[in-house]
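Structure record follows, encoded as structure tokens.
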Ligand code: PLP
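In my numbering, the protein residues as written are 1 to 414.
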């Protein structure tokens, strides 16, 4: 599929098209990072002396959360380890991950099938680098974490959103997924708990997706990075426990509160069917030498199932999600399907006087000094919304929503 076809799927070319003496590669045209991009105008306001309430990035440690003490202590101990690690990850951390996955959610994995990466971000780059040819298609959740769109396009492939909507609690319908499979479809990716909607997919839809993928020979990808962050219960249902091959992406940025450690993994649950793809991932892992050695040793010594920090983390998230739901309900100029997990709320703006949700977000920033992310950055299904994190303490969330509601009420009358 050529660039024109991509223009149809992704109507917003993201890279500036001004003539340049040293132009960057055209494959970067669709590689957008909306969550970080909105920071530029916010920083400009800060340079002018304004204080901006930033609700744009899913980093708990930017608010009142911190790495759990056992992890911090283990890293202090590992600080003298300066060498490169094994490209696939050191045996100790791969074993610790297998034990953790077994004890926390009953997954049976082989340490040989686990590759340690610099976050799920790197895992996703390796995975899509291993499976996609130009013109291939990947079924991604609509809406999705933006990297799923950007990395797919980077490899010349096409992200095809399977839609979901607030009316359905942002849970997709199996017929909408099946209807989008073509001869070029290579993979189905699921993110649950979802970024940006906070939806937690029920077992029934996960079962149906796994069955569909296996019947149609599609690679099944389960992004489980928020697996332990549900407001009801302990772990979210996952595709990974369904029968048949599955590629699991998981990491430490969210459940373990250490996004800056840049630590994650890709696990292949299979009976050999995924060996080619695993080798493709390993080739890329070798070419970047290794992920951080001390981080791997610290995690190997500190991670365990039912970690003690989790109940309090879930309690705070639930309380803050409830607060956001309550605040949104105060005005008819905002809408929200209540999140059930993760760090986010995807809030609808039914009366937007501008032509795009990004303009609404940038005007909110200019007038009220509150930074959120435009929904369309997460794909067409989220257009007309903005994503806020629910991470800040209640007083900050209340202050932010005082301003957001004032802005929504004022601009809806324009
Ligand atoms: N996948 C999802 C669904 C995410 O929300 C994020 C980050 O917000 C990532 C992957 C990347 O996480 P990291 O690279 O920090 O592991």
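Just so it is clear, CB atoms sit at the ideal spot from N, CA and C, and this is done for glycine as well.
* To do: Please work out which residues of its chain come closer than 7 Å, Cβ to Cβ, to residue 46, disregarding the five sequence neighbours upstream and downstream, and give them in chain order.
  => Closer than 7 Å at Cβ, skipping near neighbours: 52.
* Asked: Residue range of the alpha helix (DSSP H) that residue 283 falls in?
  -> It spans 275 to 287 - the alpha helix (DSSP H) in which residue 283 sits, taken as one unbroken run.
* **Residues bridged to residue 141 (per DSSP)** => Residue pairing of residue 141 in beta bridges, as defined by DSSP: 162.
* **Alpha carbon of residue 307 to alpha carbon of residue 234, nearest angstrom** => For residue 307 and residue 234, the gap between their C-alpha atoms comes out near 11 Å.
* To do: Would you identify the three-state DSSP class for residue 168, choosing helix, strand or coil?
  => Helix at residue 168.
* To do: Please classify residue 402: does DSSP put it in a helix, a strand, or coil?
  => Here DSSP, grouped into helix, strand and coil, assigns residue 402 to helix.
* To do: For the beta strand (DSSP E) holding residue 301, just list the boundary residues, first then last.
  => Residue 301 -> not in any beta strand (DSSP E); alpha helix (DSSP H) instead, spanning 293 to 302.
* Quick one: Cα of residue 384 to Cα of residue 166, how far? -> In this structure, the CA atom of residue 384 is about 12 Å from the CA atom of residue 166.
* Indicate, with yes or no, if the ligand PLP has a heavy atom lying under 7 Å from the CB of residue 255. => Because no heavy atom of the ligand PLP lies under 7 Å away, the Cβ of residue 255 does not count as near it: no.
* Go to residue 385, then tell me how far its beta strand (DSSP E) extends in each direction, as first and last residue. => Unbroken beta strand (DSSP E) run through residue 385: 385 to 389.
* To do: Kindly indicate if chain B contains any beta-carbon less than 8 Å away from that of residue 259.
  => The structure shown contains no chain B; it is built from a single protein chain.
* Asked: According to DSSP, what are the bridge partners of residue 128?
  -> Answer is none; residue 128 lacks a bridge partner.
* What residues come near the ligand PLP, if near means a beta carbon less than 6 Å from any of its heavy atoms? -> Spelled out in chain order, the answer is 58, 119, 120, 121, 145, 191, 195, 223, 225, 251, 253, 259 and 264.
* Is DSSP giving residue 222 helix, strand or coil here? -> In the three-state reduction of the DSSP assignment, residue 222 falls in the strand class.
* **Cβ-Cβ distance between residue 216 and residue 177 below 8 Å** => No, they are not a contact pair.
* Opening and closing residue of the alpha helix (DSSP H) in which residue 116 lies -> Element bounds for residue 116: not the alpha helix (DSSP H) but the beta strand (DSSP E), 114 to 117.
* Asked: When burial is assigned at 16 or more other CB atoms within 10 Å of the CB, is residue 204 buried or exposed?
  -> Residue 204 counts as exposed, since fewer than 16 other C-beta atoms from the protein chains shown sit within 10 angstroms of its C-beta.
* **For residue 38, three-class secondary structure by DSSP** => Three-state DSSP puts residue 38 in coil, outside helix and strand.
* To do: Starting from residue 418, trace the beta strand (DSSP E) both ways and give me its first and last residue.
  => What is shown of the chain runs 1 to 414, which leaves residue 418 out entirely.
* Do the segment 279 to 294 and the segment 86 to 95 make contact, defined as three or more Cβ pairs closer than 8 Å? -> Contact between the segment 279 to 294 and the segment 86 to 95 is present: 3 or more CB-CB pairs across the two stretches fall below 8 Å.
* Asked: Grouping DSSP H, G and I as helix and E and B as strand, with all else coil, what is residue 327?
  -> Note: residue 327 maps to helix in three-state DSSP.
* Would you call the segment 253 to 272 and the segment 105 to 124 touching, i.e. three or more CB-CB distances under 8 Å? -> Put simply, the segment 253 to 272 touches the segment 105 to 124. At least three CB pairs are less than 8 Å apart.
* To do: State the Cα-Cα distance for the pair residue 73 and residue 128, rounded to the nearest angstrom.
  => Their backbone Cα atoms lie some 35 Å apart in a straight line.
* Asked: Is the number of C-beta pairs between the segment 95 to 113 and the segment 335 to 345 that are closer than 8 Å three or more?
  -> Cβ pair count under 8 Å is below three, so no.
* Please determine if the segment 315 to 322 and the segment 236 to 243 are in contact, where contact requires at least 3 C-beta pairs separated by less than 8 Å. => No, the segment 315 to 322 is not in contact with the segment 236 to 243.
* From which residue to which residue does the beta strand (DSSP E) around residue 267 run? -> Element bounds for residue 267: 264 to 269.
* Asked: Does DSSP put residue 365 in a helix, a strand or coil?
  -> In the structure shown, residue 365 sits in a helix (DSSP, three-state: H, G or I).
* Asked: So residue 206 and residue 225 are in contact, right, with Cβ under 8 Å, and what is the actual spacing, rounded?
  -> Not confirmed; about 16 Å, so no contact.
* Asked: Opposite residue 371 in the DSSP bridges: which residues?
  -> According to DSSP, which records beta bridges pairwise, residue 371 is partnered with 54.
* To do: Confirm, please, whether the CB-CB distance from residue 361 to residue 67 is below 8 Å.
  => Taking C-beta atoms as the reference points, residue 67 and residue 361 fail to come closer than 8 Å.
* Asked: Is the segment 135 to 145 in contact with the segment 272 to 282, if contact means three or more CB pairs nearer than 8 Å?
  -> Not touching, per the Cβ criterion.
* So, do the segment 23 to 36 and the segment 145 to 156 have three or more beta carbon pairs nearer to each other than 8 Å? -> Yes, the segment 23 to 36 is in contact with the segment 145 to 156.
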